[in-house]
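**Q**
In the numbering used here, the protein residues as written are 12 to 592.
As structure tokens, this is what we get:
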């Protein structure tokens, strides 16, 4: 959502169309739809297998700056934050015709298999090996706000004694970070780093369990600088000590946990798994939010749409997201400044409107972010500042919760902490919504998707923005163009099959052609998509394999643009949402 007349159409929005349509030709190194491989897919999961090989990459954690590495056009530099292991990592920045490749020639044995991996963060990041003497390999990720491991493997030819391993970004995209590059296999005569991969942690045990969390502890590993915690095979935490509390769990559910140890040389295999079951208990019920709900964003500014007071917002809307909170000079902290342009005579008058909407059974929440939002939650201190300030605003104005609409990226680790702290203060009836962009929900490895899954037990609804994005991939791996019923249903399917409950999925669209730069669809198409997902009728060429009658509903930007168009959107979509099964 934005504050300008024609919606946003910046580089990040256009990127979806470029990637989806041009995948076959532009990204020749690999297919766009192929996700980054998991560590389990390419490395043995036993300590014996790891100990049989060495890491033939030198300065694998960039602790010796760029020693042994060559970066094209001086595109790479060593930084101290962010890092995955140790104290340093590589940052490389594409520019012009350079995709910022950094490479190293490693010594290998002929006719041998090597397991190549690295941890990456930031913009597009690629990892590969060439000159293998057999088939050169590569893997990639379209960018993530947290550390993600890329993994692949290669086999050397009969006469191959050296191979070039490399990492690079993509033309015109943002900087990427790399740490802990591993090339596991037989020593090719070049030796290995003095620092060896830590032993596998032992003694993993589950402690106190609550409805949404489990305490874990394990025996420290002397050479480790950090540990990675896995839940059912998926990385959920990176910690420096030998204990942690895994949060964001579902009540009365059994989970399997493992932990690995890491240092500058790389990451160990995973420990023996331990299982734990969460206890019976609560979770956010959305307060007064009905089973099927219509969400609308109310503009606290004048950008050419109808200027409204909250009292003027159509009664079809069940959740009204006041847009937007403002940042302060304190990282993570938010405040709210009522814009005189919306016509309130006083802040007290505005608060009275919130109270009246709540008395009518509506939820009025505060939206954080927007296209131009500068709020960043990337540390424990900023997470606490966010939670404290958001709760203070809820108390002062009577907001029922918050909406997360951070369109410039978010850190899933610290945003999760912030939302859990806020939930602990506000209680189980806090309304928590999210409005990610389409590209943010293409994969569960993305920061936004991770955050949604992390807080699933307190999450009300994710209203993804199905506009200003161009063509994108659906859950069937096919490319769909925005503005169609297939675009809405095939992309919603990713969330529905990716771990969110149907009650936590909503369809977000512009209320009128003027509400966004592109992607407007008529209310008829929105209603067809709702019927397709909930009832299996009204579908286009894509038809989900099952129906989702619990689908939460739909969202629009904005109630003001809806009013400008005579409330045509809410008058058509509202009754459809409220009549879903």
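The beta carbon of each residue, even a glycine, is placed where N, CA and C say it ideally should be.
(1) Name the DSSP beta bridge partners of residue 255, please?
(2) State the Cα-Cα distance for the pair residue 601 and residue 150, rounded to the nearest angstrom.
(3) Name the DSSP bridge partner or partners of residue 332?
(4) State the CB to CB distance for the pair residue 188 and residue 132, rounded to an integer number of angstroms; the pair is presumed to be in contact (CB under 8 Å).
(5) Name the residue from 582, 67, 592 whose alpha carbon lies nearest to the alpha carbon of residue 326.
(6) Starting from the Cα of residue 234, find the closest Cα among 242, 145, 214, 210 and give me that residue.
(7) Count the other C-beta atoms from every protein chain shown that fall within 10 angstroms of the C-beta of residue 108, then say buried if there are 16 or more, exposed otherwise.
(8) Note down the Cα distance separating residue 589 from residue 90, rounded to an integer number of angstroms.
(9) Would residue 500 and residue 544 qualify as a contact pair, given that the criterion is a beta-carbon distance under 7 Å?
(10) Within the continuous alpha helix (DSSP H) that includes residue 73, where are the two ends?
(11) Look at the Cβ atom of residue 271, then the Cβ atom of residue 278, and state whether they are nearer than 7 Å.
(12) Does the distance from the CB of residue 517 to the CB of residue 472 come in under 7 Å?
(13) Quick one: using the 10 Å Cβ neighbour count with 16 as the cut-off for buried, is residue 322 buried or exposed?
(14) Assign residue 527 to one of three DSSP states: helix, strand, or coil.
(15) Which first and last residues belong to the beta strand (DSSP E) in which residue 241 is found?
(16) Applying the 10 Å Cβ sphere with the 16-neighbour rule, what's the burial state of residue 449?
(17) Identify the residues that DSSP records as bridge partners of residue 102: which are they?
(18) Between the segment 298-305 and the segment 547-566, do three or more beta carbon pairs fall short of 8 Å?
(19) Taking only the alpha-carbon atoms, compute the straight-line gap between residue 93 and residue 285 and give it to the nearest angstrom.
(20) Figure out for me which residue from 568, 416, 439, 549 has the closest Cα to the Cα of residue 11.
(21) Return the CA-CA distance between residue 221 and residue 571, expressed in angstroms with no decimal places.
(22) Take residue 295 and list the residues in its own chain whose beta-carbon comes closer than 8 Å to its own, dropping the five residues that flank it on each side.
(23) Provide the residue span of the beta strand (DSSP E) that contains residue 417, from first to last.
(24) Under the three-state reduction of DSSP, which class applies to residue 550: helix, strand or coil?
(25) Does the distance from the CB of residue 134 to the CB of residue 75 come in under 7 Å?
(26) Please identify the residue among 370, 229, 432 whose C-alpha is closest to the C-alpha of residue 281.
(27) Rounded to whole angstroms, what is the Cα-Cα separation between residue 219 and residue 430?
(28) Could you tell me which of 408, 415, 520, 481 sits nearest to residue 378, measuring between CA atoms?
(29) So residue 565 is in the beta strand (DSSP E); what residue range does that whole segment cover?
(30) Among 100, 145, 525, 485, whose alpha-carbon lies nearest the alpha-carbon of residue 554?
(31) Start and end of the alpha helix (DSSP H) containing residue 155?
(32) If you reduce the DSSP assignment to three classes, tell me which class residue 491 lands in.
(33) Assign residue 406 to one of two classes, buried (16 or more other C-beta atoms within 10 Å of its C-beta) or exposed (fewer than that).
(34) Would you say the segment 359-371 touches the segment 312-319, given that touching needs at least three Cβ pairs under 8 Å?
(35) Excluding sequence positions up to five away, which residues of its chain have a Cβ less than 6 Å from the Cβ of residue 226?
(36) I need the DSSP call for residue 592, collapsed to helix, strand or coil.
**A** In brief:
(1) For the purposes of this step, residue 255 is identified with residue 244 of the chain shown, where counting begins at 1. The secondary-structure analysis by DSSP pairs residue 255 across a beta bridge with 227.
(2) Residue 601 cannot be examined here, being either before or after the span of the chain that is shown, 12 to 592.
(3) Here residue 332 refers to the residue found at position 321 when the chain shown is read from its first residue. Answer is 308, 376.
(4) On the chain shown, position 177 is the one that residue 188 refers to. On the chain shown, position 121 is the one that residue 132 refers to. Between residue 188 and residue 132 the beta-carbon gap is near 5 Å, inside 8 Å, which marks them as a contact.
(5) For this step, residue 326 is matched to residue 315 along the chain shown. Residue 326 has its Cα closest to that of 582, out of 582, 67, 592.
(6) Reading the chain shown from its first residue, position 223 is the one you call residue 234. Nearest C-alpha to residue 234: 210.
(7) On the chain shown, position 97 is the one that residue 108 refers to. Burial call: exposed.
(8) On the chain shown, residue 589 is found 578 positions in, with the first residue counted as 1. On the chain shown, residue 90 is found 79 positions in, with the first residue counted as 1. One C-alpha to the other measures close to 52 Å.
(9) Counting from 1 along the chain shown, the entry for residue 500 is found at position 489. Counting from 1 along the chain shown, the entry for residue 544 is found at position 533. A contact, by the Cβ cut-off of 7 Å.
(10) Against the chain shown, residue 73 aligns to sequence position 62. Element bounds for residue 73: n/a, residue is neither H nor E.
(11) Taking the first residue of the chain shown as 1, we reach residue 271 at position 260. Taking the first residue of the chain shown as 1, we reach residue 278 at position 267. Going by C-beta atoms, residue 271 is nearer than 7 Å to residue 278.
(12) Counting from 1 along the chain shown, the entry for residue 517 is found at position 506. Counting from 1 along the chain shown, the entry for residue 472 is found at position 461. Yes, Cβ-Cβ distance for residue 517 and residue 472 is below 7 Å.
(13) Along the chain shown, one-based indexing puts residue 322 at 311. Under this definition residue 322 is an exposed residue.
(14) Within the chain shown, residue 527 is the residue found at index 516, counting from 1. Residue 527 carries a coil assignment under DSSP once its states are collapsed to helix, strand and coil.
(15) Taking the first residue of the chain shown as position 1, residue 241 is located at position 230. Unbroken beta strand (DSSP E) run through residue 241: 237-242.
(16) Here residue 449 is taken as the residue at index 438 of the chain shown, counted from 1. By the 10 Å Cβ count, residue 449 comes out buried.
(17) Working through the chain shown from its first residue, we reach residue 102 at position 91. Paired residue(s): 88, 188.
(18) Yes, they touch.
(19) Position 82 of the chain shown, counting from 1, holds the residue named residue 93. Position 274 of the chain shown, counting from 1, holds the residue named residue 285. Computed Cα separation, rounded: 30 Å.
(20) Limits of the chain in this structure are 12 at one end and 592 at the other, which puts residue 11 out of reach.
(21) Taking the chain shown and counting its residues from 1, one reaches residue 221 at position 210. Taking the chain shown and counting its residues from 1, one reaches residue 571 at position 560. Distance between the alpha carbons of residue 221 and residue 571 is about 43 Å.
(22) Residue mapping note: residue 295 aligns to position 284 of the chain shown, counting from 1. Residue confidence is low: residue 295 scores 34 on pLDDT, short of 50, so the model does not pin down where it sits. Its coordinate-derived value is still stated next. Result list for residue 295: 434, 439, 440, 441, 442, 443, 468, 469, 470, 471, in chain order.
(23) Position 406 of the chain shown holds residue 417. From DSSP, the beta strand (DSSP E) with residue 417 extends over 412-417.
(24) Reading the chain shown from its first residue, position 539 is the one you call residue 550. For residue 550, the secondary structure class from DSSP, reduced to helix, strand or coil, is coil.
(25) Taking the chain shown and counting its residues from 1, one reaches residue 134 at position 123. Taking the chain shown and counting its residues from 1, one reaches residue 75 at position 64. No; because the gap between Cβ atoms is not below 7 Å, this pair is not in contact.
(26) Numbered from 1 along the chain shown, position 270 holds the residue referred to as residue 281. Of all alpha-carbon atoms in 370, 229, 432, the one lying nearest the alpha-carbon of residue 281 is that of 229.
(27) The residue given as residue 219 occupies position 208 in the chain shown. The residue given as residue 430 occupies position 419 in the chain shown. When rounded, the distance between both Cα atoms is 21 Å.
(28) Along the chain shown, one-based indexing puts residue 378 at 367. Nearest of 408, 415, 520, 481 to residue 378, Cα basis: 415.
(29) Here residue 565 is taken as the residue at index 554 of the chain shown, counted from 1. In the DSSP assignment, residue 565 falls within the beta strand (DSSP E) that extends over 564-568.
(30) Counting from 1 along the chain shown, the entry for residue 554 is found at position 543. Nearest option by C-alpha distance: 485.
(31) Indexing the chain shown from 1 puts residue 155 at position 144. Boundaries for residue 155: no alpha helix (DSSP H) harbours it, while the beta strand (DSSP E) harbouring it runs 155-166, taken from the DSSP string.
(32) As a first step, residue 491 is located in the chain shown; it is residue number 480 there, counting from the start. Assigned with DSSP and collapsed to three states, residue 491 falls in strand.
(33) To locate residue 406, count along the chain shown from 1; it is residue 395. By the 10 Å Cβ count, residue 406 comes out exposed.
(34) Taking a contact to require three or more Cβ pairs closer than 8 Å, the segment 359-371 and the segment 312-319 do not qualify as touching.
(35) Along the chain shown, read from residue 1 onward, the residue named residue 226 stands at position 215. Same-chain partners within the cutoff: 218, 219, 256.
(36) Taking the chain shown and counting its residues from 1, one reaches residue 592 at position 581. Coil at residue 592, not helix or strand.
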